[in-house]
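Colleague: Chains as they are written, first to last, in the working numbering: chain E, 1 to 165; chain S, 166 to 330.
Using N, Cα and C, we set each Cβ at its ideal position, and we do this for glycine too.
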DNA sequence: TTTTATTTTCAGTAATTATTGAAAGTTTAG
DNA sequence: CTAAACTTTCAATAATTACTGAAAATAAAA
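1) Please list the terminal residues of the continuous alpha helix (DSSP H) segment that includes residue 316 of chain S.
2) Suppose contacts are defined by Cβ-Cβ distances below 9 Å. Is residue 258 of chain S in contact with residue 248 of chain S by that definition?
3) Give me the Cα-Cα distance between residue 128 of chain E and residue 198 of chain S, rounded to the nearest whole angstrom.
4) Among residues of its own chain, excluding the 5 on either side of residue 72 of chain E, which ones have a beta-carbon nearer than 8 Å to its beta-carbon?
5) Measuring CB to CB, does residue 226 of chain S end up less than 9 Å from residue 211 of chain S?
6) Beta carbon of residue 268 of chain S, beta carbon of residue 315 of chain S: below 9 Å?
7) Examine chain S for any beta-carbon lying closer than 9 Å to the beta-carbon of residue 65 of chain E, and answer yes or no.
8) Using the DSSP secondary-structure output, state which residues sit across from residue 82 of chain E in a beta bridge.
9) Thinking C-alpha only, which one of S:191, S:187, S:186 and S:185 is nearest residue 176 of chain S?
10) Strictly under 9 Å for the Cβ-Cβ distance: is residue 70 of chain E near chain S by that measure?
11) Would you call the region 273 to 280 of chain S in contact with the region 295 to 309 of chain S, where contact means no fewer than 3 C-beta pairs closer than 8 Å?
12) Quick check on residue 5 of chain E: does DSSP put it in helix, strand or coil?
13) So with CB distances below 7 Å, who are the chain E contacts of residue 246 of chain S?
14) With a cut-off of 9 Å, does the C-beta of residue 42 of chain E fall near any C-beta of chain S?
15) List, in order along the chain, the chain S residues whose C-beta lies closer than 7 Å to that of residue 93 of chain E?
16) Leaving out five residues on either side along the sequence, give the residues of the same chain with a beta carbon under 7 Å from the beta carbon of residue 182 of chain S.
17) Find the nearest neighbour of residue 313 of chain S within the set S:285, S:263 and S:272, judged by alpha-carbon distance.
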């Protein structure tokens with residue numbers, strides 16, 4: 001299989017986006033490839049197109065499945081596993097928001113909660129406690145918005161936008 | 166100068182958060198340090214507390230200033246430069262949203278626009294074009310929300326939340 | 001101006017993160 | 001069951017990213 005310049009550019013752009021936001025480049029690139037692929041792809045297919053190793057492919061496909069962005073497809077008459085990506089941008093965004101919240105936000109919020117418990121309320125910790133409290137308040141609000149986003153349908157977003165006008 | 170365990174933990178947590186989201190760990194840690202510091206700090210002060218080199222300190226303080234998260238303070242009777250961070254979590258969030266949008270979102274959106282222009286509208290590029298169009302539509306909407314967020318005051322957020330109930 | 005204090009830069013190096021590939025594990029067909 | 005097809009794991013290695021420290025540049029004081 002061979003990609004056109006445009007397809008390669010899309011994959012490259014998506015990979016860079018991933019890298020900039022702390023996502024493995026290969027994971028983002030496989031995602032991009034699946035996003036523009038009409039049919040499910042096998043590990044071999046991805047390896048060939050992206051010029052990456054079997055191990056790399058396997059690990060990052062697994063990550064995509066764990067993130068709920070791709071899923072295994074059975075193709076009758078073939079023993080290989082095939083994978084395809086969810087294509088609805090709304091579903092994708094929700095899925096990513098949900099996962100990043102769980103992985104890269106919740107642990108921080110919990111650590112700050114812990115921290116607050118064990119911090120004496122003295123002069124030396126005045127600034128720290130103010131900051132932690134502010135961050136907690138803020139994150140509760142953002143979190144509640146994110147939660148609504150994650151559980152929403154596309155409609156929700158339009159409604160919010162309209163109300164903001 | 167010496168930090169308590171709690172202060173160190175805060176700095177560590179903030180550094181990890183940065184790393185997970187594609188921000189230099191030291192940059193995030195200096196930010197955290199300034200956030201919980203009552204008075205402006207000199208380069209020496211930060212170097213000592215965080216145990217990092219002059220060069221590293223200098224580069225990351227500059228980055229914080231460029232991001233609009235910290236600013237130089239003149240302290241009379243001292244030739245050194247001192248720095249302090251903005252402490253309002255709302256201002257911080259807006260500043261970060263604005264900067265990340267400019268640095269890590271706009272270039273992607275522009276690349277996709279370019280890509281769309283140069284992609285032939287044929288069978289081979291059907292999926293690609295659908296995806297790019299979807300992403301563009303989506304990002305316009307998110308962008309408009311982000312813009313409102315960036316230009317908003319805290320009040321805006323509460324209003325939105327209330328309307329969502 | 002010269003000297004001293006301070007900041008900036010950046011080539012070299014260290015630390016971290018990502019990738020490979022072959023061996024071990026698993027599944028399916030015969 | 002055995003063999004072949006395929007997938008997974010992970011130690012070794014490569015690639016990337018971050019950090020250091022000393023030299024160069026700049027700014028302030030004498």
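Modeller: Let me spell this out:
1) 291 to 316
2) no
3) Looking at the two C-alpha atoms, the distance is approximately 9 Å.
4) 65, 81, 82 and 83
5) yes
6) no
7) no
8) E:42 and E:73
9) Checking every option, the nearest Cα to that of residue 176 of chain S belongs to S:191.
10) Closer than 9 Å: no.
11) yes
12) In the structure shown, residue 5 of chain E falls within a helical segment according to DSSP collapsed to helix, strand and coil.
13) Near residue 246 of chain S there are no residues of chain E at all, since even the closest Cβ is about 21 Å away, more than 7 Å.
14) no
15) Residues of chain S whose Cβ lies closer than 7 Å to the Cβ of residue 93 of chain E are, in chain order, 303.
16) 193
17) S:263
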